[in-house]
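One structure is given below, encoded as structure tokens.
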Amino acid sequence: HFGSSSKRRTAALIAPGGSPPSRRATLMPFLSDIRTMPSRQAARLMLVPLMLLATWAPPRALGAILMADGLAGIGDEPLAEAAKEATEDIDALPKFDLMIVIPSRARTDRERRLAVRETWAQYLNASAVNCTSCVSRTAKILFVVGKEDQEQNITEEAGQFGDLAELDDFKEPTSLTGATEMVQRSIRYALEHFRFNLLLKVDQSNWVFMDRLLEFLEDQHLFDINAMMPGVYVGNFASKDYASSSNESLSLKALTGSMAIPLYAKGGAYLLSPDLCEFIAGMGAASEDTSGAPKWGEDYGWAPVPRLVDLPNEDLSIGLWLQAVNHSKVEATIVGDDAGCSEERPLIDRVTGAAEMQQRWQSFVRQGSVCERSSHQLLQRGPESRAGFLHA
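As numbered in the numbering used here, residues 8 to 399 make up the sequence shown, in order.
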């Protein structure tokens, strides 16, 4: 995470508009700072502006700018070598189209995790389920838990399933605001250990209809977002909050002086593009020491890191955090109750418990749908309805 003035100048470079000379003028103070930085940090900060500059200027002009500013080499390394070093770790990260993050509690939620693995996570199991949209895109499910005393159990579970991560610097939350910080740190973990086109955060009580979701994301072209465009925040924004005396409104009034609730995605599930994840991950968390370098990281500046405020409602916190960030909201059918079989065909709904998840999946195994139907209805649909999602 970089918070120096050089990073802010990088952001200025990315802003559209202006003639090539003005862009070059904007670049010059940034390049001056780059010369004084360690090679690894300089290379990281240079990647985006150099790629952008390459689109504005011919190769000879680009080379002339770099030579004029003494940037043919940074420190003891050539620029190309420094850039290569900075990208080696990034290129080594596993890459997925969809990253699914599920905050969890190590001991008390083990049954829930097993239920998810044995039910809707099986949409991604090509040997068991014939889900065309699931095959065309890559997805990774990741449970994230806080620091736990009985680490051996977590280590064994992580080794067995390969989908569990433990936060080394954050204990399991004991309050609602702690749960909000857990979400922020889970997003940060995903960003630091994986590359992805979209991140889906869901609760353990959510049921994700992977076939419906992936078809929706394809139809909306959300996997193909241009990195130069504003990010996207996908969720259920249509539902309204009428309870002005709710805890959420009271918490907001204490912070902002207003009881107005910002627009946010409801239902415990939402999707974020990587830039919005970067914003959330890069801000300080409530319990962190954000006093700047070196505690926040040797590449960071001397100034303290801003903190994101945690509200008791984690979903509302996300909406509040993103208010000042340029992005587009995309409406998706995500509901907060058991409505998977309703006519609106939600992408994600909510199931009461692990037993209900198992019952729903058993229905899917029997008849190719989570919705219970009578034998008469099943026969009317024909034999393909049973084989549509399941391999023989």
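We put the CB at the ideal spot given by N, CA and C, even for glycine.
inquiry  = DSSP has His334 in a bridge; who is on the other side?
reply    = His334 is bridged to Gly238.
query = Between Ala135 and the rest of its own chain, which residues show a CB-CB distance below 6 Å, the 5 nearest in sequence each way excluded?
reply = Only Gln129 meet the Cβ criterion.
request  = Report, in whole angstroms, the separation of the C-beta atoms of Ala186 and Pro180, which I expect to be a contact under 8 Å.
outcome  = With a Cβ gap of about 5 Å, Ala186 and Pro180 count as contacting.
request  = Please work out which residues of its chain come closer than 8 Å, Cβ to Cβ, to Leu270, disregarding the five sequence neighbours upstream and downstream, and give them in chain order.
outcome  = The beta carbon of Leu270 sits closer than 8 Å to those of Phe244, Gly326 and Lys336, all from its chain and outside the five residues before and after it, given in chain order.
ask   = According to DSSP, is Ile341 helix, strand or coil?
value = Reduced to three states, the DSSP call for Ile341 is strand.
task = Using only alpha-carbon positions, find the residue among Val152, Thr359, Phe286 and Ala261 that is nearest to Gln330.
result = Looking from the CA of Gln330, the closest CA among Val152, Thr359, Phe286 and Ala261 belongs to Phe286.
ask   = Buried or exposed: which applies to Glu118, given that a residue is buried once 16 or more other Cβ atoms fall within 10 Å of its Cβ?
value = By the 10 Å Cβ count, Glu118 comes out exposed.
key: Alpha-carbon to alpha-carbon, Ala310 and Phe216   = Take the alpha-carbon of Phe216 and the one of Ala310: they are about 44 Å apart.
inquiry  = Between the alpha carbons of Cys138 and Val151, how many angstroms are there, rounded?
reply    = Rounded to the nearest whole angstrom, the CA to CA distance from Cys138 to Val151 is 26 Å.
request  = Tell me the start and end of each unbroken alpha helix (DSSP H) in the stretch 165-236 that is at least 4 residues and wholly inside, in chain order.
outcome  = The qualifying runs are 183-200 and 217-226.
inquiry  = If I follow the unbroken alpha helix (DSSP H) through Val151, where does it start and stop?
reply    = No alpha helix (DSSP H) contains Val151, which is instead part of the beta strand (DSSP E) from Ala146 to Lys154.
request  = Quick one: residues in its chain with C-beta nearer than 7 Å to the C-beta of Leu221, no 5 flanking neighbours on either side, listed in chain order?
outcome  = Counting only residues of its own chain and dropping the five nearest sequence neighbours on each side, Leu221 has a CB closer than 7 Å to the CB of Ser140, Cys141 and Arg144.
query = Under a Cβ-count criterion, where at least 16 other Cβ atoms within 10 Å of its own Cβ denotes burial, should Gly70 be classed as buried or exposed?
reply = Any answer about Gly70 is weak, because its pLDDT of 46 lies below 50 and its placement is not dependable; what the coordinates show is given next. The residue is exposed, with fewer than 16 neighbouring Cβ atoms inside 10 Å.
query = Nearest to Ile272 by CA position, among Lys208, Asn233 and Met364, is which residue?
reply = At residue 272 the sequence reads Ala, which differs from the Ile that was named. Check the Cα spacing between Ala272 and each of Lys208, Asn233 and Met364: the tightest is with Lys208.
message = Looking only at its chain, what residues have a beta carbon closer than 7 Å to the beta carbon of Val239, apart from the 5 residues adjacent to it on each side?
response = Sequence-distant partners of Val239 (beyond 5 residues in either direction) whose C-beta falls short of 7 Å from its own C-beta, in its chain, are Leu229, Ile232, Ser280, His334, Ser335 and Val337.
query = Using DSSP with H/G/I as helix, E/B as strand and the rest coil, what is Pro281?
reply = Residue state, collapsed to three classes: helix.
task = Could you tell me the boundaries of the alpha helix (DSSP H) in which Lys322 lies?
result = According to the sequence shown, residue 322 is Asp rather than Lys. For Asp322, the enclosing alpha helix (DSSP H) begins and ends at Glu321 to Trp328.
ask   = Candidates Leu206, Arg202 and Ala361: which alpha carbon is nearest Trp214's?
value = Per the Cα distances, Ala361.
query = Which residues share a DSSP beta bridge with Lys273?
reply = For Lys273, which the question treats as bridged, DSSP gives the partners Asn243.
key: Rounded distance between the beta-carbons of Arg192 and Ala292, thought under 8 Å   = Yes, Ala292 and Arg192 are in contact; Cβ-Cβ is about 6 Å, under 8 Å.
ask   = Leaving out the 5 sequence neighbours to the left and right, which residues in its chain are closer than 7 Å to Ala346 when beta-carbon positions are compared?
value = Residues of the same chain with a CB within less than 7 Å of the CB of Ala346, apart from the 5 flanking positions on each side, are Pro353 and Asp356 in chain order.
query = Cβ atoms of Arg124 and Glu155: under 8 Å apart, would you say?
reply = Not a contact, by the Cβ cut-off of 8 Å.
request  = Could you tell me which of Asp296, Glu295, Ser294 and Ile268 sits nearest to Trp328, measuring between CA atoms?
outcome  = Ranking the options by Cα distance to Trp328, first place goes to Ile268.
task = Identify every residue that forms a DSSP beta bridge with Leu105.
result = Beta-bridge partners assigned by DSSP to Leu105: Ala146 and Leu205.
Span of the beta strand (DSSP E), counted from its first residue to its last, around Arg357 = First-last of the beta strand (DSSP E) with Arg357: Ile355 to Arg357.
task = Name, in chain order, the residues that DSSP records as bridge partners for Arg314.
result = The partner list for Arg314 (beta bridge, DSSP) reads Gly291.
message = Whole angstroms are fine: how far does the CA of Ala197 sit from the CA of Asp96?
response = So the alpha carbons of these two residues sit roughly 15 Å apart.
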